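Here is the structure we will look at, set down as structure tokens.
Residue numbers (our numbering): 689 to 988.
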């Protein structure tokens with residue numbers, strides 16, 4: 689396996705405002721977007737996917753105009769999102785009783801020849817790159833004032849990791865559990881690149897993977913298991929010790945439930961922390977983005 693960098697420093701490479709790749713002229717990208725609706729008839733055969741599936745199909749392909757900034761609780765859509773072709777579909781599981789993998793691609797008007805796959809969060813269950821979701825625009829660790837990847841010309845894509853609810857019921861299916869454990873990363877990647885090639889008439893020149901928290905763990909899995917499929921990785925705050933972290937969560941939660949901190953004490957701690965550290969990121973919005981630099985005096 690070739691050596692692939694798994695460092696946050698790759699942000700500068702993966703999210704550069706790169707010149708158009710050779711052979712990816714504006715005329716070709718316009719043609720792809722004019723044909724956006726035709727992608728609804730495109731299927732990806734199981735033989736084109738590197739792990740077992742029953743193939744992939746597209747449920748919708750819609751050209752969407754530039755999305756103006758709008759306020760949302762997490763500040764994820766504070767800049768315009770470029771006009772794009774949004775392709776959504778499913779990858780059929782081998783076991784008919786297992787849930788499918790749902791995916792979404794954002795194909796920009798001016799493609800730079802590169803593709804960016806985004807990891808999910810928590811136990812997943814949400815198509816992370818679908819409209820109005822976080823990775824449909826910006827993603828960690830990109831600064832709030834940097835143009836979004838799709839605006840820079842990246843074709844972006846991601847999935848729900850192979851189940852449609854944020855709880856653990858999907859784990860009753862062996863195939864769904866394997867998908868969540870990493871198989872879906874490869875399956876989604878192969879399907880997305882086949883669709884990108886059909887849309888633009890040529891393959892992507894570079895493919896990157898980015899994720900934060902649980903998505904950072906997925907980034908590391910992609911690097912370890914499918915390193916030859918990517919040109920670089922951005923792993924931000926990866927949750928590596930998954931079981932240990934949740935055991936610690938439960939231990940602390942038990943202490944809280946037993947009355948170590950009551951509701952008023954928790955509210956005081958939260959309000960004082962926001963008052964001390966919220967504005968440090970340059971935007972007083974109730975979100976402490978520079979949390980590693982927060983030096984709140986908890987004892988006081």
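All C-beta atoms in this analysis are idealised placements derived from N, C-alpha and C, irrespective of residue type, glycine included.
Model, not experiment: these values are computed from the prediction.
Given the structure, does residue i come close to the ligand GDP, in the sense that its CB is under 7 angstroms from one of the ligand's heavy atoms?
{"i": "residue 895", "result": "As far as ligands go, the structure on display features none, and thus does not contain the ligand GDP."}
Name the DSSP beta bridge partners of residue i, please?
{"i": "residue 804", "result": "844 and 896"}
{"i": "residue 791", "result": "777 and 847"}
{"i": "residue 731", "result": "745"}
{"i": "residue 796", "result": "772"}
{"i": "residue 750", "result": "774"}
{"i": "residue 755", "result": "769"}
What do you get for residue i, buried or exposed, if any count of 16 or more other CB atoms within 10 angstroms of its CB means buried?
{"i": "residue 849", "result": "buried"}
{"i": "residue 978", "result": "exposed"}
{"i": "residue 880", "result": "buried"}
{"i": "residue 878", "result": "buried"}
{"i": "residue 933", "result": "exposed"}
{"i": "residue 802", "result": "buried"}
Closest by CA to residue i, which one among the options?
{"i": "residue 812", "options": "872, 738, 970 and 986", "result": "872"}
{"i": "residue 789", "options": "968, 925, 911 and 845", "result": "845"}
{"i": "residue 736", "options": "949, 882, 823 and 729", "result": "882"}
{"i": "residue 867", "options": "857, 855 and 851", "result": "851"}
{"i": "residue 923", "options": "905, 931, 930 and 929", "result": "905"}
{"i": "residue 876", "options": "974, 727 and 740", "result": "740"}
{"i": "residue 727", "options": "759, 886 and 734", "result": "886"}
{"i": "residue 969", "options": "869, 831, 948 and 894", "result": "831"}
{"i": "residue 731", "options": "746, 975, 981 and 857", "result": "746"}
{"i": "residue 928", "options": "941, 835 and 909", "result": "909"}
{"i": "residue 761", "options": "980, 974, 988 and 987", "result": "974"}
Looking at residue j and residue i, is the spacing between their C-beta atoms short of 8 angstroms?
{"i": "residue 917", "j": "residue 972", "result": "no"}
{"i": "residue 907", "j": "residue 897", "result": "yes"}
{"i": "residue 757", "j": "residue 765", "result": "yes"}
{"i": "residue 861", "j": "residue 786", "result": "yes"}
{"i": "residue 794", "j": "residue 772", "result": "yes"}
{"i": "residue 818", "j": "residue 884", "result": "no"}
{"i": "residue 955", "j": "residue 984", "result": "no"}
{"i": "residue 778", "j": "residue 744", "result": "yes"}
Which residue comes first and which comes last in the beta strand (DSSP E) that contains residue i?
{"i": "residue 923", "result": "920-924"}
Locate the alpha helix (DSSP H) running through residue i, then write down its first and last residues.
{"i": "residue 738", "result": "Premise fails: residue 738 is in no alpha helix (DSSP H) and is neither H nor E."}
{"i": "residue 908", "result": "902-913"}
{"i": "residue 963", "result": "951-965"}
{"i": "residue 839", "result": "Segment: none, residue 839 is in no alpha helix (DSSP H) and carries neither H nor E."}
For chain B, is any of its Cβ atoms less than 8 angstroms away from the one on residue i?
{"i": "residue 862", "result": "Given the protein chain composition of this structure (a single chain), no chain B is represented."}
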